[in-house]
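According to numbering that gives the first Met the number 0, the sequence shown holds residues 0 to 263 in order. Every residue, glycine too, gets a C-beta built ideally from N, C-alpha and C. Values in this document were obtained by computation on a predicted structure and should not be read as measured data.
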Amino acid sequence: MSSLQLRIISALVLAPIAIGATYLGGAYFALFLAIATAAMSFEWCRASFLKHKPSYITLITIWLLLALYFGFEGYNQNALAAVLICAVGVIALTWFRREEREWKGAFLGPIYIGVPVLSLLSIRGDAEIGFSLTIFLFFIVWATDIGAYFAGRSIGGPKIAPSISPNKTWAGLIGGMIAAAFVAVLLNVYLLQLDVVPWLVAGTGAVLAVVAQIGDFAESAWKRHFGIKDASNLIPGHGGVLDRLDGVLFVAPALYMIKTLVGF
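Quick look at the structure:
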């Protein structure tokens, strides 16, 4: 079975789960994010705390509890405080070892994973537009990935940053932006139904596509820094959960900021 076939099968299994959890919301969405967060924490800690396996158990537990807690209790400024406390606590656990690999990972992990997770919880927690906006987020990222993949494969051309991600091309980036813009307009017509001009919605989709691609590059840079090819092999054809959600991790905070600034 080819890599593309594995990717398609995995996507066909995971996408309905993500959509279903988003539709149900509440504790179901929080549980979905808690499982994803635990998997991402495992992958992050396996790379950055490789020599001390008990360290990542602590971080996984903290993020699992955080995701569940904020899923049940609501979303407010205490979320940021929890992220900071978590970061300080994990740094304290690893600081005495004085190993740069570990304290860097301890500091960045809660921010890299925690801020997007809390952004997603906050977006979905909106009673009026939470479901539609979360679906919008997922589909924008998926459209970006699909558009970038097929445009990059069929057109090729100059690489964006071959030292970080040798397969990413400018054609792929543009293809992802076009796909995301098109999907954004469709979703606004049939789902969001915001009273804004189509070009503004398309532009937002294109900008979020760029943000998703930045997330892809950040993930590639992280893996190169720690000398690994994939975050894990949990998802056939995709690698790890961090590999699959790299775009979501960057788009979620961006969309949350747009939502907050625009006020919808």
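Coarse secondary structure for LYS228, derived from DSSP in three states: Taking the sequence shown and counting its residues from 1, the one referred to as residue 228 is at position 229. Three-state result, LYS228: coil.
Cβ pair count under 8 Å reaching 3, the segment 123-140 against the segment 178-193: yes
Neighbour-count burial assignment, VAL266, 16 or more Cβ in a 10 Å radius: Here the chain comprises residues numbered 0 to 263, so residue 266 is not present and cannot be evaluated.
Proximity below 8 Å, CB of GLY204 to CB of VAL250: What you label residue 204 is simply residue 205 of the sequence shown in a count that begins at 1. What you label residue 250 is simply residue 251 of the sequence shown in a count that begins at 1. Result no, Cβ atoms of GLY204 and VAL250 do not sit closer than 8 Å.
Limits of the unbroken alpha helix (DSSP H) element including GLU42: Counting from one through the sequence shown, the residue named residue 42 turns up at place 43. Segment 25-47, the alpha helix (DSSP H) holding GLU42.
Beta-carbon separation (whole angstroms), LEU207 vs ALA253, contact threshold 8 Å: Position 208 of the sequence shown, counted from the start, is the residue given in the question as residue 207. Position 254 of the sequence shown, counted from the start, is the residue given in the question as residue 253. 6 Å between Cβ atoms; contact.
ILE139 beta carbon near the ligand NAD (any heavy atom closer than 7 Å): Judged by which ligands are present, the structure shown has none, so any question about the ligand NAD falls away.
Own chain partners of ILE257 with C-beta closer than 8 Å, once the 5 adjacent residues on each side are dropped: Counting from 1 along the sequence shown, the entry for residue 257 is found at position 258. Taken in chain order, the residues that qualify are THR203.
Range of the contiguous alpha helix (DSSP H) that encloses ASP242: Along the sequence shown, one-based indexing puts residue 242 at 243. Element bounds for ASP242: 240-243.
Proximal residues to ALA38 (C-beta, below 7 Å), its chain only, five neighbours per side dropped: To locate residue 38, count along the sequence shown from 1; it is residue 39. So the list reads LEU233 and VAL240, once near-sequence residues are dropped.
Alpha-carbon to alpha-carbon, THR36 and VAL116: Along the sequence shown, read from residue 1 onward, the residue named residue 116 stands at position 117. Along the sequence shown, read from residue 1 onward, the residue named residue 36 stands at position 37. Their backbone Cα atoms lie some 8 Å apart in a straight line.
Residues near ILE159 in its chain [Cβ-Cβ closer than 7 Å; skip 5 each side]: Taking the sequence shown and counting its residues from 1, one reaches residue 159 at position 160. Correct list, in chain order: LYS167, THR168, TRP169 and LEU172.
Beta-carbon spacing of LEU32, LEU107 below 8 Å: As a first step, residue 32 must be located in the sequence shown, where it is residue number 33. As a first step, residue 107 must be located in the sequence shown, where it is residue number 108. It is not a contact, given that the beta carbons lie outside the stated cut-off.
Rounded distance between the beta-carbons of PHE28 and ALA123, thought under 8 Å: The residue labelled residue 123 in the question sits at position 124 within the sequence shown. The residue labelled residue 28 in the question sits at position 29 within the sequence shown. One point to set straight first is that residue 123 is Arg, not Ala, in the sequence displayed. With 8 Å as the limit, ARG123 and PHE28 qualify as a contact, their Cβ atoms being about 5 Å apart.
Spatial neighbours of TYR255 in its chain, beta-carbon cut-off 7 Å, leaving aside the 5 residues before and after: To locate residue 255, count along the sequence shown from 1; it is residue 256. Excluding positions up to five away in sequence, the list reads SER118, SER121 and ILE122.
Helix, strand or coil at LYS258 [DSSP, three-state]: As a first step, residue 258 must be located in the sequence shown, where it is residue number 259. Correct three-state label for LYS258: helix.
Helix, strand or coil at ILE234 according to DSSP, with G and I counted as helix: Position 235 of the sequence shown, counting from 1, holds the residue named residue 234. Strand, per DSSP.
Same chain, Cβ closer than 6 Å to SER231, five either side skipped, listed in chain order: For the purposes of this step, residue 231 is taken as the residue at position 232 of the sequence shown. Result list for SER231: GLU42 and GLY239, in chain order.
Cβ-based neighbour list, GLY129, same chain, cut-off 8 Å, excluding 5 preceding and 5 following: Here the question's residue 129 lines up with position 130 in the sequence shown. The residues are GLY24, ILE122 and ARG123.
In DSSP terms, what THR168 is bridged to: Locating residue 168 in the sequence shown gives position 169, where the first residue counts as 1. Answer by DSSP bridge pairing, in chain order: LYS158.
Nearest candidate by alpha-carbon position, reference SER47, set ASP245, ILE227 and PRO157: Counting from 1 along the sequence shown, the entry for residue 47 is found at position 48. It is ILE227 whose Cα lies nearest to the Cα of SER47.
Exposure label - LEU244; buried when at least 16 CB within 10 Å: Sequence index remark: in the sequence shown, residue 244 carries index 245 (1-based). That one is buried.
Distance between beta carbons of GLY175 and THR143, contact taken as under 8 Å: As a first step, residue 143 must be located in the sequence shown, where it is residue number 144. As a first step, residue 175 must be located in the sequence shown, where it is residue number 176. With 8 Å as the limit, THR143 and GLY175 qualify as a contact, their Cβ atoms being about 4 Å apart.
Alpha-carbon to alpha-carbon, ILE145 and ILE154: Here residue 154 is taken as the residue at index 155 of the sequence shown, counted from 1. Here residue 145 is taken as the residue at index 146 of the sequence shown, counted from 1. Computed Cα separation, rounded: 14 Å.
Unbroken alpha helix (DSSP H) run spanning ARG119, endpoints: Here residue 119 refers to the residue found at position 120 when the sequence shown is read from its first residue. The amino acid occupying residue 119 in the given sequence is Leu; Arg does not appear at that position. First-last of the alpha helix (DSSP H) with LEU119: 114-123.
Top-ranked residue by Cα proximity to LEU191, from GLU127, TYR148, ASP242 and ALA147: The count along the sequence shown starts at 1 and reaches residue 191 at position 192. Among GLU127, TYR148, ASP242 and ALA147, the Cα nearest to that of LEU191 is on GLU127.
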